[in-house]
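A.B. asks: For reference, the structure I am asking about is given below.
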Amino acid sequence: MKKFSLGKCAYMALCCFLMGCIYTFESAYGRRVGTIGVLSTQSVTYPHEYNTAVGITELLVKLGAKSVTLLDYNKIVEGAGGTSAGMAAIKDSLGRFLRENGVDRILIPGNYYNVVSPPLPPTPNRQLVTDAMVGLIDDGANLRFLAICGGLQNVLHSKRIKLNKVRDILGSDKMADSHNIADPDPRLPGVPLMRVKALPGTKLESIVRKVNAGGDLVFYLPDAHKEAIDNAPENIKKLKALGYKIAAVSEDGIIEALEDRTGNILIQMHPEYMLMNADKKTGRHRAVDRAIAVALAIITDFLGGGSAGD
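Numbering-wise (the working numbering), the sequence shown opens with residue -17 and increments by one.
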């Protein structure tokens, strides 16, 4: 990316604005919502899984979330009587947890494991609980969610949307590697960012236009995935028939974000990691500052977006 230099006054103003938003976000967002559930587990299936959930929880609290709780997918399945109990029992177990804890929105974070190609998860529990969440919403539950990276893939797998390896979609290992450029740690300052474009008629378009002061729809975020939505015409047709809008695409045509018919955002990239260590990222490059602002807007939309269907 081309180097960008800010004058001292502009630099200080931008730093104060961005960091003030990120670390002292005491507005209606925290007051308007109930408890947020972060889908993860303490009985980790891969290194740092629980620590990632803790980091996301701390970020949400800094951004004004009144209450955040671990939505432990292993405990939900155990509460249903195990994987053999069936989806109806898992939905009941999840619904009971949501009611007892006042959870009205769920953040589904990324996942080390893939959905349709190795490495596959050693337990189906995370996918089963995602299936249960999708089922509750389809049944009319008033739930909002933000699905990030593997979370997007889990939700779409629940809806029987075809996923595929990025390499097979693009037909090139080199091009596929560009979608894993933030690996192994997308939180770190200085990691490469994926360039994508928001599409007209979406919430993401509105977010990016505001950040870019009415300018273009290009933005950047950390990207680290090896699977994506298959872009075959019949799969896109099914996606749209289910009420999804394609909200952002990369330059090579990979779908990087969706919005469902109630305004929930599903994003392949990592806005949450863009906001971690943000004090070490701000003011160094205009595209990075805009990336932080876009990430902040996506997360705060989830925090304060009202009830599903509003």
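Idealized CB from N, CA, C, for every residue including glycine.
Nothing here was measured: the structure is a model prediction, and the numbers come from that model.
In chain order, what residues of the same chain have a beta carbon less than 6 Å from the beta carbon of Thr23, not counting five sequence neighbours either side?
C.D. replies: Excluding sequence neighbours, Thr23 sits near Asp54, Tyr55 and Asn56.
A.B. asks: Based on the DSSP output, what are the partners of Ser22 in its beta bridges?
C.D. replies: Answer is Asp54.
A.B. asks: On a CA-only basis, which of Ile211, Leu125, Ile237 and Ile218 is nearest Leu145? Give me that one, please.
C.D. replies: Considering only alpha carbons, the answer is Ile211.
A.B. asks: If you compare alpha carbons, which of Phe201, Thr27, Ala35 and Arg266 is closest to Val20?
C.D. replies: The shortest Cα separation from Val20 among Phe201, Thr27, Ala35 and Arg266 belongs to Ala35.
A.B. asks: Where do the ends of the alpha helix (DSSP H) carrying Leu152 lie?
C.D. replies: Its alpha helix (DSSP H) spans residues Val148 to Leu152.
A.B. asks: Give the straight-line distance between the Cα atoms of Pro182 and Ala229, rounded to the nearest whole angstrom.
C.D. replies: If I take the Cα positions, the gap works out to 8 Å.
A.B. asks: Just to confirm the assignment: which complete alpha helix (DSSP H) runs, minimum length 4, are found wholly within the segment 234 to 271?
C.D. replies: Runs of the alpha helix (DSSP H) inside the segment 234 to 271: 253 to 257.
A.B. asks: Tell me the residue span of the beta strand (DSSP E) that contains Lys220.
C.D. replies: Taken as a continuous stretch (DSSP letters only), Lys220 belongs to no beta strand (DSSP E), being part of the alpha helix (DSSP H) at Pro215 to Ala223.
A.B. asks: Distance check for Val148 and Ser99, CA to CA, integer angstroms please.
C.D. replies: One C-alpha to the other measures close to 11 Å.
A.B. asks: Quick one: is Leu192 buried, meaning 16 or more other Cβ sit within 10 Å of its Cβ, or exposed?
C.D. replies: This sequence places Lys at residue 192; Leu is not what is there. Its Cβ having fewer than 16 others within 10 Å, Lys192 is exposed.
A.B. asks: Could you tell me the distance, in whole angstroms, from the CA atom of Leu175 to the CA atom of Gly61?
C.D. replies: When rounded, the distance between both Cα atoms is 40 Å.
A.B. asks: Pick helix, strand or coil for Tyr32, following the three-state DSSP scheme.
C.D. replies: Tyr32: helix per DSSP, three-state reduction.
A.B. asks: Since Ile72 is in the beta strand (DSSP E), which residue starts that stretch and which ends it?
C.D. replies: Taken as a continuous stretch (DSSP letters only), Ile72 belongs to no beta strand (DSSP E), being part of the alpha helix (DSSP H) at Met69 to Asn83.
A.B. asks: When the Cβ atoms of the segment 201 to 209 are set against those of the segment 163 to 180, are three or more pairs found closer than 8 Å?
C.D. replies: Yes: at least three Cβ pairs fall under 8 Å.
A.B. asks: Assuming Lys185 contacts Glu254 under a Cβ cut-off of 8 Å, what Cβ separation, rounded to an integer in Å, is found between them?
C.D. replies: At roughly 17 Å, the Cβ-Cβ gap does not stay under 8 Å, so Lys185 and Glu254 are not in contact.
A.B. asks: Who pairs with Ser140 in a beta bridge, going by DSSP?
C.D. replies: Answer is none; Ser140 lacks a bridge partner.
A.B. asks: Measure the beta-carbon distance from Ile249 to Leu134 and round it to whole angstroms, keeping in mind my assumption that it falls under 8 Å.
C.D. replies: About 6 Å; that satisfies the 8 Å criterion.
A.B. asks: Alpha carbon to alpha carbon, how far is Glu233 from Ile274?
C.D. replies: C-alpha separation (whole angstroms): 20 Å.
A.B. asks: Arg169 and Asn33: beta carbons closer than 9 Å?
C.D. replies: Cβ distance not < 9 Å, so Arg169 and Asn33 don't count as in contact.
A.B. asks: How far does the alpha helix (DSSP H) with Arg108 in it reach, from first residue to last?
C.D. replies: Here the alpha helix (DSSP H) through Arg108 covers Asn107 to Asp120.
A.B. asks: How is the alpha helix (DSSP H) around Leu186 delimited, first residue to last?
C.D. replies: Here the alpha helix (DSSP H) through Leu186 covers Lys185 to Val193.
A.B. asks: Ends of the beta strand (DSSP E) at Lys179?
C.D. replies: It spans Met176 to Ala180 - the beta strand (DSSP E) in which Lys179 sits, taken as one unbroken run.
A.B. asks: Buried or exposed, going by whether 16 or more other CB atoms sit within 10 Å of the CB of Lys341?
C.D. replies: Since the displayed the chain opens at -17 and closes at 292, residue 341 lies outside it and no answer follows.
A.B. asks: Candidates Asn124, Val276, Gly265 and Cys131: which alpha carbon is nearest Gly172's?
C.D. replies: Checked all of Asn124, Val276, Gly265 and Cys131; the closest Cα to Gly172 is Gly265.
A.B. asks: Kindly indicate which residue of Gly153, Ala223, Arg243 and Val59 has the alpha-carbon position closest to the one of Arg108.
C.D. replies: The residue with the shortest Cα to Cα distance from Arg108 is Val59.
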